[in-house]
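Comments concern the structure below.
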């Protein structure tokens, strides 16, 4: 995973990372990803229709290292693109996951490194080592000031010539005020996709899509 300008991504939207304005942009993405599962059907479409297959391409699998050196799948991460306010032709790209996926125990210390498995354009996968540094000049991961917010944001952009991925444009992610506007409440149909540990896949990542309804809005 590199932190540099991207090459064009024709299937979806052009992207680049450059030097992110980290603190300002992290909050926008952190709050927004909470509404990821409602994003596609917020307009009232029925779940009887097929999901857009591109949604599965924003998913990456996160692995951690066991004491014996083997890697075990530990969670799901999503690529999110936040538009550059100065240049509409590019976006800042972030890898967003649950904070506990990067921690040895909930609320405990972070793993020093995690491994992100990505699909490649040649049909295989590659597992990329990602250092987890929560503070200091070499910081790589950003979390919310409120420790109860279970989100972590990592500025990261895979090589678009090698890896088969897309990112979710921030314009498709609902902010808090949009929940009322779209009448999202208990009973709203949703789907969500991500890692299903019994079916990780050997040659490719296989995100599982699950369906349901919002059970509680606090």
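Residue numbers (our numbering): 804 to 1021.
From the three backbone atoms N, C-alpha and C, an ideal C-beta is built for every residue, glycine too.
Secondary structure note for residue 988: it is in no alpha helix (DSSP H), with a DSSP letter that is neither H nor E. With a cutoff of 8 Å on beta-carbon distance, residue 994 and residue 1012 are scored as near each other.
The beta carbon of residue 1015 is closer than 7 Å to those of 993 in its chain, skipping five residues each way along the sequence. Contact holds between the stretch 959-973 and the stretch 922-934, because three or more Cβ pairs, one in each stretch, are under 8 Å apart. C-alpha of residue 1000 to C-alpha of residue 877: approximately 8 Å in a straight line. Excluding residues up to 5 positions away in sequence, 903 lie with their Cβ nearer than 8 Å to the Cβ of residue 909 in the same chain. When C-beta atoms of the stretch 978-991 are compared with those of the stretch 1003-1010, fewer than three pairs fall below 8 Å, so the two segments do not count as touching.
In terms of Cβ geometry, residue 1017 and residue 991 form a close pair [threshold 8 Å]. Your pair residue 946 and residue 937 checks out as a contact, with CB atoms roughly 7 Å apart and the cut at 8 Å.
About 6 Å separates the CB atoms of residue 970 and residue 861; that is less than 8 Å, so the two are in contact. DSSP places residue 869 outside both helix and strand once states are collapsed to three, so it counts as coil.
No residue range can be given for residue 960, since it is assigned to no beta strand (DSSP E) and is classified by DSSP as neither H nor E. Taking 8 Å as the cut-off, the Cβ atoms of residue 867 and residue 884 do not count as close. Per the coordinates, the alpha-carbon of residue 890 lies some 43 Å from the alpha-carbon of residue 873. By the neighbour-count criterion, in which 16 or more other beta carbons inside 10 Å mark a residue as buried, residue 1021 falls on the exposed side. Here residue 950 is exposed: its Cβ has fewer than 16 other Cβ atoms, across all protein chains shown, within 10 Å. A straight line joining the alpha-carbon of residue 869 with that of residue 1019 spans about 35 Å. Residue 969: not part of any beta strand (DSSP E); DSSP gives it neither H nor E.
According to DSSP, residue 894 shares a beta bridge with 886.
A straight-line Cα-Cα distance of about 29 Å links residue 932 and residue 892. One alpha carbon belongs to residue 899, the other to residue 973, and they sit about 12 Å apart.
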